[in-house]
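One structure below.
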Amino acid sequence: MSAIPTMKTSLEPASRSQKDIESCPEQSSSHDEHPSIEDEKRVKFDKGREDDHMYSQILAQQAAEAPKEYFFSFHYILTMVSMSLVVVSTYFGFAVPASVVTFINTDIGPSDNASLFAIVWTMCCSIGIMLTGRLSDKFGRRYFVLTAGGASIVGGIVAATARNMNVLIGANTIIGLAGGVYSSLTLFSGELIPHKYKFVGMTFVLVPVVCCTGLAAYVGRALVETRNWRWIYYIYLIITGVAFLIQLFVYHPANFQQLHGARRTRMQELRRVDFGGIVLIVVGLTLFLLGVSWGGNPRPWTSGLVLGLLIPGGVIVVAFLFYEAYCPSPNPFVEMRLFKNVRGFVCLNIISMAGGALYLSLQLIWPQQVVAVFSQQTKTWQDSAWMSTAVGWGVWAGIVLVFPFINVIKHIRRQLLVLAIMAVAFMAALATVDRHDKSKAIAFAFLAGFPLGLLDSGLTVIVQLDVDDMDLGMAYAILSAVRTVSGAIFQAVFIAVLTSKSKSEIAARVPAAVLQAGLPQSSLPQLFQAIQAQSPTAVAAVPGMTTAISTALTESMSDAYAKAFSFVYYSGVAVGGTAIIASLFLKDYDQFLTSHTPRQIYKRNEQAKTLQKFRKVGIYIGFAFLILAQAAIPPVTLIGLIFIPESPRSLVSKDRHEEAREILIQHNAGGDAISPIVDFEMAEIQTTIQMEKEAHQTTSYMDMVKTPGNRHRLFISVTLGFFA
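Set out below in structure tokens:
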């Protein structure tokens, strides 16, 4: 690969010699008003940073200088397709199995460690993002991405074949670390898109993410009901494998030599790595996130284990901040100078903290509310699963409908302010719903999620506009870490509020309702024991329990939970208020919506020669896209087949008559269990299968040659089959 290519043609940028690079003055960019070295002590300590800044400026090109064909080239389009696939695989491999982890635990458990399934993924993903961001700035991104692909495949295979929960949790650790790399797609793809088109480009990349955000609960439950939970990981492996192969051949971002020139070796750069900062932040984040995740559930906040994780973890994180501020390093893991940009970087982090907390908490709280408050209105698991996806669909809609128009509308600060107000308003609206307001609750959940598309994912794009190109990964990692930590903290806070208020509201509402319905006073202690155990069987066994009392109990429980959830949303309003305040003080980012493009995709010489052969015969583009279209059909078909219920005929042949009848009722009779169509079709299927069984008992392959007519038909069939 050439030392420092600059784009001359659509698919093969020309190159500059190393001599040209070393003699090249610093080129102007959209970031010149923010010098790469603001701290004089840092400049004196590390002259190598000045060299890195020069190479970074040389790598950056104005989109106006690049031919339009470059952005429609085979390598560029496939790179973006692969980025889209990896983000789908990342969240598909977590959100979908997390939505059905109770079913998985029942199948290969039970295990007391089932709660670790989500905890280890969140923790490992956070660490992966932090390490990837800064280290890939210095060593190049390609091998981080390929290593993550390999690790994802290994983790997926282990998960798909797991025989107990501990093995599955171990697999989720690997998948989480790889997910930390893959979750950085807005960094990897964002740096390849001109600033003024970043949001439009990210829209196309993020469109498929609805498979794992909007549809996670439904897909997970559908796979459990119609196939097996292991199919989650089979699909995950297919998506990850396709993405890995594409990136292996086409993803060639700036390599180490392009980032640093020939003056520095990888070993020399490795010696410059801030290992002290890495150890402190990894250990501190691990301990702190484990403590926050375990606090309250499954362990009490006052337990020695939780305090033993929280306190040392918090102290180490604080020590990390002091270490980065006062201990000079050639390559600090976090450049504290970024926080001097109060109206820019600091305000973005505050908004990200609030947006991330609301997004992660809504994704956790809303499905619980669907089950606890609206169980009477959701008759089937499909109804419950679809209702649980309202927040995810809202976030996706916010990305698809807002991102493409950000550059058109401009006034990014005002857009963030309006969306923050919208998020707070509909969080408050969610606090007003009860069990009678199913439709309003779905609408409010959707509209509360809508602004989080920009307030959460969009900020990782905005932060790239006002940071030195060589520090893009670091700025992205800081923003993502703040989002994750705040999300974990506020998830714990919201769960604590919900647990506390639900107990008090149940104690206040349930006794009066069940006593009025006729439950004996003496049965109340046993009733509350059954409620605490969350056992329907135990509730039904309470002395004096009747259908009317059971209905009164269900309704009063729904009312109690509705009130408890309202306090959670009031807490969310307070968190969202910080985003509104930060948006008011945020500076204007419109000035950075230029044609500046931080990085490009390159090609190796061997690949260029191969592609040139395709172009000479005039079939390159058509051939490539034809193959892609054909390759896309089987995965799409496979995913579609998963949701098709098993044939009633097949079920009857296996003596599973009740399941066959349920499918006929749902799909052929519109849910009418007494429809004559169901009885007619069941009878017809049973009769046909019986006739086939009798026919098979009296026929054999010899029948094909017993008579002249059969021998003639056999000859025609064989002849036509052979010559066809």
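When the count follows the UniProt record's numbering, it moves up by one through the sequence shown with no breaks and lands on 724 for the last residue.
Ideal Cβ placement from N, Cα and C applies to all residues, glycine included.
Put simply, the backbone Cα of T90 is about 31 Å away from that of I311.
Per DSSP, the unbroken alpha helix (DSSP H) holding V250 starts and ends at R230 to V250. In this structure, DSSP gives H436 a state outside helix and strand, which the three-state scheme calls coil. Taking 8 Å as the cut-off, the beta carbon of L285 is found no closer than this to the beta carbon of I104. A check of alpha carbon separations from H411 across L59, I462 and D456 identifies I462 as the nearest. Taking 3 residues as the shortest admissible run, the stretch 73–160 contains no complete beta strand (DSSP E) segment at all. Closest by C-alpha distance to V568, out of L364, Q526, A262 and G277, is L364.
Around V205, the same chain offers M80, M83, S84, L185 and S189 as residues with beta carbons nearer than 7 Å, after the five sequence neighbours per side are excluded. Look at V542 here: in three-state DSSP terms it is coil, with no helix or strand label. The DSSP-derived three-state label of N407 is helix. Distances from the alpha-carbon of A562 to those of L358, K587, G576 and T499 put T499 closest.
Pairing I351 with L416 gives a Cβ-Cβ distance under 8 Å.
Here the alpha carbon of F339 sits roughly 42 Å from the alpha carbon of V158. Within the stretch 341–415, the complete alpha helix (DSSP H) segments at least 4 residues long are 347–373, 381–388, 390–402 and 406–409, listed from N- to C-terminus. F405 counts as exposed, since fewer than 16 other beta carbons sit within 10 angstroms of its beta carbon.
Around L348, the same chain offers L459 and V463 as residues with beta carbons nearer than 6 Å, after the five sequence neighbours per side are excluded.
Three or more beta-carbon pairs separated by less than 8 Å are not found between the stretch 143–152 and the stretch 98–116, which leaves the two stretches without contact. For V273, DSSP records a beta bridge to N331. Between the stretch 509–522 and the stretch 470–489 there are fewer than three inter-stretch CB-CB distances shorter than 8 Å, so the stretches are not counted as touching.
With fewer than 16 other Cβ atoms from the protein chains shown falling within 10 Å of its own Cβ, Y326 counts as exposed.
As the crow flies, the alpha-carbon of F494 is around 7 Å from that of S571. The residue from G394, G48 and A475 with its alpha-carbon nearest to that of I442 is G394. When secondary structure is reduced to three states using DSSP, R713 falls in the helix class. Boundaries of the alpha helix (DSSP H) around E662: H657 to H667. Boundaries of the alpha helix (DSSP H) around M202: K198 to L206.
The C-beta of T687 has fewer than 16 other C-beta atoms within 10 Å across all chains shown, which makes the residue exposed. Approximately 4 Å separates the beta-carbon atoms of F592 and L465; this is inside 8 Å, confirming the contact. From the listed residues R656, V292 and S558, the smallest Cα separation to T378 is found for S558.
Between the C-alpha atoms of K706 and L714 there is a straight-line separation of about 11 Å. Shown here for Q369: same chain residues with a beta carbon closer than 6 Å to its own, the five before and five after excluded, namely F565 in chain order. DSSP places I674 outside any alpha helix (DSSP H), giving it a letter other than H or E. For T186, the uninterrupted alpha helix (DSSP H) segment begins and ends at L185 to G190. Of A423, R272, A533 and A445, the smallest CA-CA separation from T578 is found for A423. In this chain, the alpha helix (DSSP H) harbouring S583 covers T547 to F585. Taking 8 Å as the cut-off, the Cβ atoms of H195 and Y602 do not count as close.
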